[in-house]
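Enquirer: Residue numbers (our numbering): 54 to 408.
Even glycine gets a Cβ: it sits at the ideal position worked out from N, Cα and C.
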């Protein structure tokens with residue numbers, strides 16, 4: 054009897070230990086099976102040289118609706134910053150799309166260039182797109198941070214956010230800490246943005262529009278009145294994942310409040326077309342708790358009256374990781390649904406304008 058009880062206890066202890074091991078191993082197996090960030094980047098991502106070739110090829114399309122513009126050069130290595138202008142030259146409605154401010158946020162570059170491809174390829178065979186291009190000119194800038202993009206694409210540093218400015222002026226470039234956050238360098242709300250050290254990821258620069266990359270965008274915006282502006286980002290921390298952010302505005306200003314209602318409707322339409330990568334539901338639109346800092350959407354809204362939004366791509370997978378460098382399959386899915394949202398939202402805006 055005692056022997057049987059002893060064996061039973063041994064058996065129960067064995068089962069207990071097996072269950073403990075399983076609770077430790079199964080989550081790890083689940084995480085391992087869940088797609089995550091891939092670095093070096095998948096070959097599906099256009100490297101800088103291939104991106105340049107693609108933009109040149111689109112500009113030479115026989116449809117004649119595309120022009121390639123040199124907007125300026127980067128601050129340290131004089132890398133070109135280019136824009137594709139797609140649409141009827143006589144169209145009086147203009148849209149700016151910037152795929153990337155931060156070097157490690159590479160999904161937006163792919164969205165921007167794929168959107169350009171679709172506009173050109175559909176211009177002659179889809180009446181809806183042809184009508185869209187008769188009324189809009191799209192100014193597509195895949196990246197305004199070619200320095201950061203080059204470093205990330207070449208495998209130098211996966212999380213290179215800023216440009217390559219030697220911000221501590223020690224004569225030595227440290228890829229991990231040097232550089233200016235280009236989405237804090239716009240000349241708006243400068244004194245309201247706290248002063249932080251140059252080695253901070255959000256370092257705004259020595260002065261408003263100190264960086265040539267931002268000067269290039271400002272020069273374009275001064276010449277071309279943008280009705281809409283869309284800026285793509287990716288949240289590596291997951292804090293802002295799959296959200297759309299609006300500009301800061303003064304809730305007591307009735308004119309700004311009315312303009313924000315228009316932007317909100319545009320953003321809601323876009324968000325409703327983009328399902329999340331790993332979870333149920335669609336992108337969220339955030340119009341509260343917005344910062345008075347020198348970012349692109351604040352600058353374009355307050356300086357030019359542009360309907361400006363920021364789209365944060367990159368979903369959080371089952372392992373709790375925010376995937377901003379996905380593999381080829383997930384990258385294509387993210388690109389396709391955002392390009393679809395761009396096309397449908399702007400086509401819908403034609404109907405709104407006609408009413």
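#1: State yes or no: is the C-beta of residue 241 within less than 9 Å of the C-beta of residue 356?
#2: Return the CA-CA distance between residue 153 and residue 286, expressed in angstroms with no decimal places.
#3: Does residue 276 have its Cβ less than 9 Å from a Cβ in chain B?
#4: Let me check one thing: in DSSP terms, what residues is residue 226 bridge-paired to?
#5: Measure the C-alpha to C-alpha separation of residue 347 and residue 206 and round it to an integer number of angstroms.
#6: Would residue 180 be called buried (16 or more neighbouring beta carbons within 10 Å of its own) or exposed?
#7: Taking residue 378 and residue 99 to be in contact with their CB atoms under 8 Å, please state how far apart those CB atoms are, rounded to whole angstroms.
#8: Which residue's Cα is closest to the Cα of residue 101: 162, 193, 305?
#9: From 127, 159, 196, pick the residue whose C-alpha is nearest to that of residue 367; which is it?
#10: Rounded to the nearest angstrom, what separates residue 263 and residue 238 at their Cα positions?
#11: Can you list, in chain order, the residues of its chain with a C-beta nearer than 6 Å to that of residue 211? Leave out the 5 residues immediately preceding and following it.
#12: Could you tell me which whole beta strand (DSSP E) segments of length 3 or greater appear in the segment 359-388?
#13: On a Cα-Cα basis, can you pick out the residue from 312, 361, 233, 293 that is closest to residue 337?
#14: According to DSSP, residue 151 sits in a beta bridge with which residue or residues?
#15: Across which residues does DSSP place residue 138 in a beta bridge pair?
#16: Let me make sure I understand the geometry here. Which of 213, 302, 329, 269 has the alpha-carbon closest to that of residue 254?
#17: Among all the DSSP beta bridges, which residues are the ones paired with residue 338?
#18: Using the rule of at least 16 other Cβ atoms within 10 Å of the residue's Cβ for burial, across every protein chain shown, is residue 74 buried or exposed?
#19: Could you tell me whether the Cβ atoms of residue 97 and residue 385 are closer together than 9 Å?
#20: Give the secondary structure of residue 100 by DSSP, where H, G and I count as helix, E and B as strand, and everything else as coil.
#21: Just to confirm my understanding: we take residue 79, look at its own chain, exclude 5 residues before and 5 after, and list those with CB closer than 6 Å. What are they?
Expert: Quick answer:
#1: yes
#2: 6 Å
#3: Included in the structure is just one protein chain, with no chain B present.
#4: Answer is none; residue 226 lacks a bridge partner.
#5: 27 Å
#6: exposed
#7: With a Cβ gap of about 14 Å, residue 378 and residue 99 do not count as contacting.
#8: 162
#9: 159
#10: 7 Å
#11: 92
#12: 360-366
#13: 293
#14: 194, 284
#15: 120, 192
#16: 213
#17: 297
#18: Low confidence applies here, because residue 74 scores a pLDDT of 35, under 50, leaving its location unreliable; read the following figure in that light. Per the 10 Å Cβ criterion, exposed.
#19: yes
#20: coil
#21: Below a pLDDT of 50, predicted positions are generally treated as unreliable, and residue 79, at 36, falls in that range; the measurement from the model is reported next regardless. Correct list: empty, nothing qualifies.
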